[in-house]
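Offset between the sequence shown (1-based) and the numbering used here: plus 122.
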Amino acid sequence: MVLTETTQQPTGSHFLKEITDSPNQSLLPLTAKINAQDHLEIGGCDVTELVKEFGSPLYIMDESSIRTACRQYRDGLKNNYSGESLVIYASKALNCLAICALVASEGLGIDVASGGELYTALQAGVNPKTIYFHGNNKSRAELEEAIAADCTIVADNWLELQTLAELATSKSPRVMLRITPGIECHTHEYIRTGHLDSKFGFDPNQVAEVLDFLVKTPALDFVGVHAHIGSQIFERQPHQDLGGVLVKWLKTAQELGLPARELNVGGGLGIRYTEADDPPSISEWTATVAKAVDAACSEAQVSPPKLICEPGRSLVGTTGVTAYTVGARKQVPEIRTYIAVDGGMSDNARPITYESVYRSVLANKMSQSTSETVTVAGKHCESGDVVIKEAELPETSAGDTLVVMSTGAYGYSMASNYNRLLRPAMVLVHEGEADVIINRETYQDLISQDNLPSRLNTIDS
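This is the structure in structure tokens:
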């Protein structure tokens with residue numbers, strides 16, 4: 123399908139012009155450029171050469187972009203807030219040893235949501251006092267692990283509070299309350315978590331009863347309140363409103379004699395997936411949050427608590443891309459042209475799960491003119507396995523390297539072995555060096571947890 127003149131814009135070089143100083147506002151990592159071979163280069167590494175060396179699909183993360191995002195969050199709170207502050211990385215976006223260690227080296231803590239994420243963060247050397255354990259249904263074993271590790275536990279419901287009280291024998295666990303603030307924002311239904319009809323957190327009408335329980339349970343070290351209003355948010359007003367709501371609950375707790383000293387506003391700042399997306403910069407978001415909490419504290423006449431925020435997607439989303447190799451081509455006359463890649467819903471579940479939209483380029487043809495609109499199809503046995511429905515690209519050929527942008531968050535985290543595909547490798551690129559931080563799975567990995575009963579074993583017969 124030939125593009126009309128009005129749509130012949132998003133060539134590879136066009137997307138480089140979209141790069142800004144704030145990583146979450148860029149479609150490509152901050153270090154992206156076109157090299158002398160007309161190839162996409164990230165972190166000083168030629169993407170097509172990375173694919174030759176490490177195979178595809180391949181997750182590529184840019185260290186410089188991640189560090190820049192960490193520093194903008196850290197400095198943004200520090201420079202705009204009158205009290206102490208801490209940024210903790212919501213690691214559900216991408217949890218592995220290297221990423222946990224990287225953000226910790228920039229002074230960030232880690233938000234975990236399972237025993238596995240906690241174990242990974244600890245093995246990466248993260249200070250447990252900067253780890254916060256989230257989740258709406260933590261098991262007793264996970265709570266025991268969190269207490270033993272000496273991290274802060276964000277209690278989500280009555281069962282967790284009661285279990286923590288039972289477990290608080292030799293050690294008083296640090297506990298925050300997650301409260302549903304009743305603040306809605308314009309985002310996907312599945313990632314709105316601040317409205318009242320949510321599986322997360324205590325309802326506002328339960329707060330008085332919960333605080334009374336904490337007053338009567340001194341074995342729990344109640345440190346403060348937490349709320350999260352959702353993800354992929356572009357509006358600033360909801361976060362301004364959230365500051366006032368949380369400070370009110372914090373003051374109520376303090377008036378009851380509870381040592382509430384932390385206020386966690388969650389995360390949720392959005393990123394650019396397409397040119398139409400226009401999120402605030404990290405600096406704008408942190409200034410909004412810090413000033414709103416300061417103002418609320420001044421109005422309520424309470425000392426500024428330790429201010430915590432939990433960015434995830436906006437730290438790693440646009441700092442990563444996924445590189446595929448183009449394979450088969452199918453043209454359906456007068457309808458569409460499909461090009462298939464060697465991955466799909468097993469390495470990026472967001473298109474089929476959330477109907478998410480992405481942009482792509484051919485890493486080996488960055489300056490060639492856009493000449494066709496194609497549907498980029500994955501290789502799984504599912505009609506819905508479509509990576510991009512309408513990708514505007516130069517004419518593609520088998521063997522081309524197709525790069526999908528803004529896949530650093532929730533690609534690997536949600537990856538699967540559907541159709542027994544191998545989960546991809548991940549490399550961290552920096553100043554011309556590429557380090558494998560997640561190995562590509564092997565066929566042996568696929569069956570490593572399988573068991574074959576002897577009565578079914580016919581291999582030797």
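From the three backbone atoms N, C-alpha and C, an ideal C-beta is built for every residue, glycine too.
How many whole angstroms separate the CB atoms of Thr444 and Val526, which I take to be in contact at a CB cut-off of 8 Å? Taking the sequence shown and counting its residues from 1, one reaches residue 444 at position 322. Taking the sequence shown and counting its residues from 1, one reaches residue 526 at position 404. Confirmed, Cβ separation roughly 5 Å.
Per-residue DSSP class, three states only, for His136: Stepping through the sequence shown from its first residue, residue 136 is reached at position 14. The DSSP-derived three-state label of His136 is helix.
Let me confirm a value: Cys167 is counted as buried when at least 16 other C-beta atoms fall within 10 Å, else exposed. Which label applies? Position 45 of the sequence shown, counting from 1, holds the residue named residue 167. Counting Cβ neighbours within 10 Å, Cys167 comes out buried, since at least 16 surround it.
Burial state of Thr564, where buried means 16 or more other Cβ atoms lie within 10 Å: For the purposes of this step, residue 564 is identified with residue 442 of the sequence shown, where counting begins at 1. Thr564 is exposed by the Cβ-count criterion.
Going by DSSP, what residue range makes up the beta strand (DSSP E) through His348? Taking the sequence shown and counting its residues from 1, one reaches residue 348 at position 226. His348 -> beta strand (DSSP E) spans Asp343 to His348.
Can you name, in chain order, every residue of its own chain whose Cβ lies under 7 Å from the Cβ of Pro401, other than the five neighbours on each side? Locating residue 401 in the sequence shown gives position 279, counting from the first residue. Excluding sequence neighbours, Pro401 sits near Asn146, Gln147, Phe356, Leu391, Gly392, Ile393 and Arg394.
Is it buried or exposed, Lys501, if we count other Cβ atoms within 10 angstroms and call 16 or more buried? Your numbering for residue 501 matches position 379 in the sequence shown. Lys501 should be labelled buried.
Suppose you measure from the CA of Tyr532 to the CA of Gly439; what does that come to, to the nearest Å? Along the sequence shown, read from residue 1 onward, the residue named residue 532 stands at position 410. Along the sequence shown, read from residue 1 onward, the residue named residue 439 stands at position 317. Here the alpha carbon of Tyr532 sits roughly 8 Å from the alpha carbon of Gly439.
Between the C-alpha atoms of Gly449 and Gly198, what's the straight-line distance to the nearest angstrom? Locating residue 449 in the sequence shown gives position 327, counting from the first residue. Locating residue 198 in the sequence shown gives position 76, counting from the first residue. Cα to Cα, Gly449 sits roughly 45 Å from Gly198.
Below 9 Å between beta carbons: does that hold for Asp233 and Tyr203? Along the sequence shown, one-based indexing puts residue 233 at 111. Along the sequence shown, one-based indexing puts residue 203 at 81. No, the Cβ-Cβ distance between Asp233 and Tyr203 is not below 9 Å.
Reference Tyr241, options Ala263, Leu230 and Lys452, closest by Cα: Position 119 of the sequence shown, counted from the start, is the residue given in the question as residue 241. Nearest C-alpha to Tyr241: Ala263.
In whole angstroms, what separates the C-alpha of Val173 from that of Ala246? Here residue 173 refers to the residue found at position 51 of the sequence shown. Here residue 246 refers to the residue found at position 124 of the sequence shown. When only Cα atoms are considered, Val173 and Ala246 end up about 27 Å apart.
So, at 7 Å on beta carbons, what are the nonlocal neighbours of Asn579 in its own chain, with the 5 sequence-adjacent residues on each side left out? As a working mapping, residue 579 is identified with position 457 in the sequence shown. Non-local beta-carbon contacts of Asn579 in its own chain, meaning distances under 7 Å to residues more than five positions away in sequence, are absent.
Going by beta-carbon coordinates alone, are Leu265 and Leu299 separated by less than 9 Å? In the sequence shown, residue 265 corresponds to position 143, counting from 1. In the sequence shown, residue 299 corresponds to position 177, counting from 1. In this structure, Leu299 does not lie closer than 9 Å to Leu265 by Cβ.
Look at the alpha carbon of Ser186 and the alpha carbon of His161, and state the distance between them as a whole number of angstroms. Start at 1 with the first residue of the sequence shown, and residue 186 comes out as number 64. Start at 1 with the first residue of the sequence shown, and residue 161 comes out as number 39. Distance between the alpha carbons of Ser186 and His161: 20 Å.
Contact check, Ser119 vs Ile404, beta carbons under 9 Å: Coverage of the chain is limited to positions 123 through 583, which leaves residue 119 absent and any answer about it impossible.
Exposed or buried, Leu574, counting other C-beta atoms within 10 Å across all chains shown (16 or more means buried)? Against the sequence shown, residue 574 aligns to sequence position 452. Under this definition Leu574 is an exposed residue.
Got a sec? Which residues, its chain only, sit under 6 Å from Cys273 by beta carbon, not counting five neighbours each side? Within the sequence shown, residue 273 is the residue found at index 151, counting from 1. Result list for Cys273: Pro250, Ile253 and Phe255, in chain order.
For the candidate residues Ala409, Asp343, Ile141 and His350, whose alpha-carbon lies nearest to that of Pro381? Taking the sequence shown and counting its residues from 1, one reaches residue 381 at position 259. The residue with the shortest Cα to Cα distance from Pro381 is Asp343.
Asp399 by DSSP, collapsed to three states: which one? In the sequence shown, the residue the question calls residue 399 occupies position 277. DSSP places Asp399 in coil when its eight states are reduced to three.
Are Ile461 and Arg451 touching if we call contact CB-CB under 9 Å? Within the sequence shown, numbered from 1, the residue matching residue 461 stands at position 339. Within the sequence shown, numbered from 1, the residue matching residue 451 stands at position 329. For Ile461 and Arg451, yes; Cβs fall inside 9 Å.
Return helix, strand or coil for Ile221, following the three-state DSSP convention. By 1-based counting over the sequence shown, the position of residue 221 is 99. Helix, per DSSP.
Endpoints, alpha helix (DSSP H) assigned at Leu180: Taking the sequence shown and counting its residues from 1, one reaches residue 180 at position 58. Leu180 -> not in any alpha helix (DSSP H); beta strand (DSSP E) instead, spanning Leu180 to Asp184.
Proximity of Phe335 and Leu281 at Cβ, strictly below 9 Å: Here residue 335 is taken as the residue at index 213 of the sequence shown, counted from 1. Here residue 281 is taken as the residue at index 159 of the sequence shown, counted from 1. Taking 9 Å as the Cβ cut-off, Phe335 and Leu281 do not qualify as a contacting pair.
What are the residues that DSSP puts in a beta bridge with Glu384? Walking along the sequence shown from the start, residue 384 turns up at place 262. Answer is Gly346 and Lys428.
Secondary structure at Gly238, three-state DSSP: helix, strand or coil? Here residue 238 refers to the residue found at position 116 when the sequence shown is read from its first residue. Correct three-state label for Gly238: helix.
For Lys174, the first and last residue of its enclosing alpha helix (DSSP H): On the sequence shown, position 52 is the one that residue 174 refers to. Its alpha helix (DSSP H) spans residues Val169 to Phe176.
In this structure, what does DSSP give as the bridge partners for Gly205? To locate residue 205, count along the sequence shown from 1; it is residue 83. Looking at the DSSP assignment, Gly205 forms no beta bridge with any residue, so it has no partner.
For Asn327, count neighbouring Cβ atoms within 10 angstroms of its own Cβ and tell me buried if that reaches 16, exposed if not. Working through the sequence shown from its first residue, we reach residue 327 at position 205. Its Cβ having fewer than 16 others within 10 Å, Asn327 is exposed.
Where does Gly231 fall in DSSP's three states? Counting from one through the sequence shown, the residue named residue 231 turns up at place 109. The answer is strand: DSSP assigns Gly231 an E or B state.
Of the residues Val367, Thr170, Gly237 and Arg196, the one placed nearest Lys214, counting alpha carbons only: The residue given as residue 214 occupies position 92 in the sequence shown. The shortest C-alpha to C-alpha distance from Lys214 to any of Val367, Thr170, Gly237 and Arg196 is the one to Gly237.
In angstroms with no decimal places, state the Cα-to-Cα distance between Ala330 and Glu267. Within the sequence shown, residue 330 is the residue found at index 208, counting from 1. Within the sequence shown, residue 267 is the residue found at index 145, counting from 1. Distance between the alpha carbons of Ala330 and Glu267: 29 Å.
Would Tyr480 and Ile457 be called neighbours here (beta carbons separated by less than 9 Å)? Walking along the sequence shown from the start, residue 480 turns up at place 358. Walking along the sequence shown from the start, residue 457 turns up at place 335. Not in contact: Tyr480 and Ile457 (Cβ atoms no closer than 9 Å).
Taking the alpha carbon of Thr285 as the point to measure from, which residue in Ser261, Gly521 and Ile301 has its own alpha carbon closest? In the sequence shown, residue 285 corresponds to position 163, counting from 1. Comparing Cα positions, the closest option is Ser261.
If you reduce the DSSP assignment to three classes, tell me which class Ser300 lands in. As a working note, residue 300 is residue 178 in the sequence shown. Strictly speaking, residue 300 in this sequence is Arg, with Ser absent from that position. DSSP places Arg300 in the strand class (E or B) of the three-state scheme.
When the Cα atoms are used, what is the spatial distance from Asn486 to Thr523? Start at 1 with the first residue of the sequence shown, and residue 486 comes out as number 364. Start at 1 with the first residue of the sequence shown, and residue 523 comes out as number 401. The straight-line gap from Cα to Cα measures roughly 6 Å.
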